[in-house]
Amino acid sequence: MVEAKRINYGSSGRNAGRYRYHFYTKENVEFAKEGIPYLLKLCKDLPLNPLCMKTGYLWILDDEKSKDVISRAHSLWSSEGVGGKFLPCNDFDFLKIEEECYLAPQDGSFHHDYLSLGMYEAIKDHVKVIIGEAMRLKVSGGKIVGVEVNGSIIPADVVAVTLGAWTGHFMKRNGIEVPVEPEKKEIFVTEDLKFRVKPLTISKRIYFSHTLKGEIIGGVEDEVPRGFGELDISVERSLSFTRTLRSLVKGAEGIRILRGWSGYYEMTPDHSHIMGFSDSWPDGLYVDAGYSGHGMMFSPYSGKIMADLIADGVKNKFTKIFSPQRFEENKLIDERMVI
Ligand SMILES: Cc1cc2nc3c(=O)[nH]c(=O)nc-3n(C[C@H](O)[C@H](O)[C@H](O)COP(=O)(O)OP(=O)(O)OC[C@H]3O[C@@H](n4cnc5c(N)ncnc54)[C@H](O)[C@@H]3O)c2cc1C
Numbered sequence: 123m124v125e126a127k128r129i130n131y132g133s134s135g136r137n138a139g140r141y142r143y144h145f146y147t148k149e150n151v152e153f154a155k156e157g158i159p160y161l162l163k164l165c166k167d168l169p170l171n172p173l174c175m176k177t178g179y180l181w182i183l184d185d186e187k188s189k190d191v192i193s194r195a196h197s198l199w200s201s202e203g204v205g206g207k208f209l210p211c212n213d214f215d216f217l218k219i220e221e222e223c224y225l226a227p228q229d230g231s232f233h234h235d236y237l238s239l240g241m242y243e244a245i246k247d248h249v250k251v252i253i254g255e256a257m258r259l260k261v262s263g264g265k266i267v268g269v270e271v272n273g274s275i276i277p278a279d280v281v282a283v284t285l286g287a288w289t290g291h292f293m294k295r296n297g298i299e300v301p302v303e304p305e306k307k308e309i310f311v312t313e314d315l316k317f318r319v320k321p322l323t324i325s326k327r328i329y330f331s332h333t334l335k336g337e338i339i340g341g342v343e344d345e346v347p348r349g350f351g352e353l354d355i356s357v358e359r360s361l362s363f364t365r366t367l368r369s370l371v372k373g374a375e376g377i378r379i380l381r382g383w384s385g386y387y388e389m390t391p392d393h394s395h396i397m398g399f400s401d402s403w404p405d406g407l408y409v410d411a412g413y414s415g416h417g418m419m420f421s422p423y424s425g426k427i428m429a430d431l432i433a434d435g436v437k438n439k440f441t442k443i444f445s446p447q448r449f450e451e452n453k454l455i456d457e458r459m460v461i
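Residue numbers (my numbering): 123 to 461.
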C-alpha cells in the first residue's frame, strides 16, 4: 500500500460520515442496495466501532427543482423497495419551517475515522505500507511490472489506483485519461445543542445533522470551481452555514461554529464512481476512484468487488456498469444527487 502523506489523510478522514440508498439513478440505488448492507455488516466486524446508526435523510422541498427531483426519484425508490414518505416539515419538532419534506428512513450515519482506521487496523499486520508519492507506472510488453515511489521501482504485476481526487492527475501523468477532478468542500461543526436533529437534513442551501456528541455537523450546498487548492475553510461559507442553520432549527438561534475542515470530492463527469479496468490499458492496471461525494459509504463494498476481481478473477456486474470504458462508449450514468 503506497500513501503519499499518512493513512486517512484524504477525503476518507474529512467527510460527513453519512450513508444512503437514495440516489437519482437506478445504477447507484442498486449499488447502494448491496453496498450499504455490506457497510453495516462491516461496522459490526471491525476492531474499531464506526457507530453505524439508522437516522434517516430528510429533504426540505423548498423549491420547485427539489420537489421535481424528489418526486421523480420517489417512483424509482419505491420500485426498488426503498421508498420514503412526503410529510409536512413541521412534523419534525426541530424545524421552524412550513414547507413539505421527504423522509428516507433507511439512511444513516457512521464515524468516518473509525471506519477507515478500523479497516486499516484489520489489515495492518498483512500489508506493507510505504509512505511516498507514487509517480510512474512501469510497463513492459503491455503489462504492469511496477510503480516508481521515492525514486525506486516497487515490482508489482498488479497496480490498483485508488488515489481519490488525485487519481485523474496520477493517471494523466502516466498518459492515461481517467476523468476524476477535485472539488473542494468544507464542513462545519457547531458548539453543542440538545439532541434533536436526527436525520441528515438537506435544504437547497445547506445540509446538517446532529452528531452523537451533540454538535451539529454540516456543509453548504454550492458549486465550487474544480481544482486543487488550500484545504482551509472560508469565512463566507461558515457565515452562510450558521445563518441558514439558525433560520431553520428551533433553539439554534445563537449557535456558533466550533471548528471546520475541508477535503475534496472526487468528481467524475456522471457523478458516479469508476471501478475496474479498460481493455486499452496495460494488463494488471486497475482503478477504483471518483466517488463524487459518496465514497465513504460505497468504498468498503467496492473494495470487496475489486479484491474478488483482482485476486480471484470474479467479475461482478458492477465492474461493467461503473467501468472506466463507459466514458469512451458513452454509457454515462447521469447521477444528479450529489450531496
Ligand atoms: C467534506 C466532505 C464530505 C463528505 N461526506 C461524505 C459522506 O457523508 N458520505 C460518504 O459516503 N462520502 C462522503 N464524502 C466523500 C468521501 O469522503 C470520499 O468519496 C472517499 O473518502 C474517497 O475515498 P478514497 O479512498 O477514494 O480517497 P481518499 O480518502 O481521498 O484517499 C486518497 C489517498 O491517496 C493519497 N495520494 C494521492 N496521490 C498519491 C500518490 N501519487 N501516491 C500515493 N498516495 C497518493 C492521498 O494522500 C490520500 O490519502 C465526503 C467528502 C468530503 C470532502
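By construction, the Cβ of each residue, glycine as well, lies at the ideal position given by its N, Cα and C atoms.
- The DSSP-derived three-state label of Phe216 is coil.
- Within the DSSP bridge table, the entry for Pro304 names Glu388 as partners.
- Look at Lys307: its beta carbon is less than 7 Å from one of the heavy atoms in ligand 1.
- Annotation for Trp181: the continuous beta strand (DSSP E) segment containing it runs 179-183.
- Here His248 is exposed: its Cβ has fewer than 16 other Cβ atoms, across all protein chains shown, within 10 Å.
- With a 10 Å radius around the Cβ and a threshold of 16 neighbouring Cβ atoms, Gly264 comes out exposed.
- Apart from sequence neighbours up to five positions away, the residues of its chain that approach Thr366 with a beta-carbon distance below 6 Å are Arg327, Ile328, ordered along the chain.
- When secondary structure is reduced to three states using DSSP, Glu270 falls in the strand class.
- Around the beta carbon of Gly297, a 10 Å sphere encloses fewer than 16 other beta carbons of the protein chains shown; the residue is thus reported as exposed.
- The beta strand (DSSP E) runs of length 3 or more contained entirely in the segment 337-383 are, from start to end of the chain, 337-342.
- Among the bridge pairs identified by DSSP, Gly398 is matched with Val409.
- A direct Cα-Cα distance of roughly 11 Å separates Asp215 from Phe317.
- In this structure, Glu125 is the residue among His393, Glu125, Gly157 with its C-alpha nearest to the C-alpha of Lys250.
- Taken in chain order, the unbroken stretches of beta strand (DSSP E) that lie wholly in the segment 234-268 and span 3 residues or more are 256-262.
- Distance check between Thr284 and each of Leu454, Asp392, Glu388 places Glu388 closest, using alpha-carbon atoms only.
- Taking 7 Å as the cut-off, the C-beta of Trp288 counts as close to a heavy atom of ligand 1.
- Assignment of beta-bridge partners to His332 by DSSP yields Ile338.
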